[in-house]
Amino acid sequence: MLFKAFAAFYWSLYRQYTWQPVWLMSDTPEDYHFHRRRFTQKYRNKQKIVRSLWFTMSLLVLAFPVMPFAAFVTMFTTFLSFCILDETE
87 MLFKAFAAFY WSLYRQYTWQ PVWLMSDTPE DYHFHRRRFT QKYRNKQKIV RSLWFTMSLL
147 VLAFPVMPFA AFVTMFTTFL SFCILDETE
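In the numbering used here, each residue's number is its place in the sequence shown (first place is 1) plus 86.
Next up, the structure:
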């Protein structure tokens, strides 16, 4: 059982590093590449805000476990996350 788990893990690593695009694994992509925004400090700060927003909303849903409320909070949080991470000026 343990050997099977190790084999599956290393096979997934092999697939990721051989079939995944090189630019996706790079920490410093080219200046004009669309993926570069993920490595800026401004974007990482936005990610921290969104992460804390989701954590807070999940605690709120756990405090009030009612399905319509949970659905509304989840949709609203998704909308806010997209608004915060939006890159348009």
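For every residue, glycine included, the Cβ atom is placed at its ideal position computed from N, Cα and C.
Every value quoted in this text rests on a predicted model; they were computed, and no experiment measured them.
Where residue i and residue j are concerned, what is the direct C-alpha to C-alpha distance, given to the nearest angstrom?
| i | j | result |
| --- | --- | --- |
| Ser138 | Tyr118 | 30 Å |
| Phe92 | Leu145 | 34 Å |
| Thr160 | Arg122 | 28 Å |
| Met143 | Phe155 | 11 Å |
| Phe120 | Thr163 | 25 Å |
| Gln127 | Ser167 | 17 Å |
| Asp172 | Arg101 | 31 Å |
| Phe150 | Ile170 | 25 Å |
| Thr104 | Met153 | 42 Å |
| Val147 | Trp140 | 10 Å |
| Leu88 | Pro107 | 30 Å |
Can you tell me which of the three DSSP states residue i falls into?
| i | result |
| --- | --- |
| Tyr103 | helix |
| Tyr129 | helix |
| Pro151 | coil |
| Tyr118 | coil |
| Met143 | helix |
| Met87 | coil |
Any 3 or more C-beta pairs closer than 8 Å across the region 87 to 97 and the region 125 to 133: no
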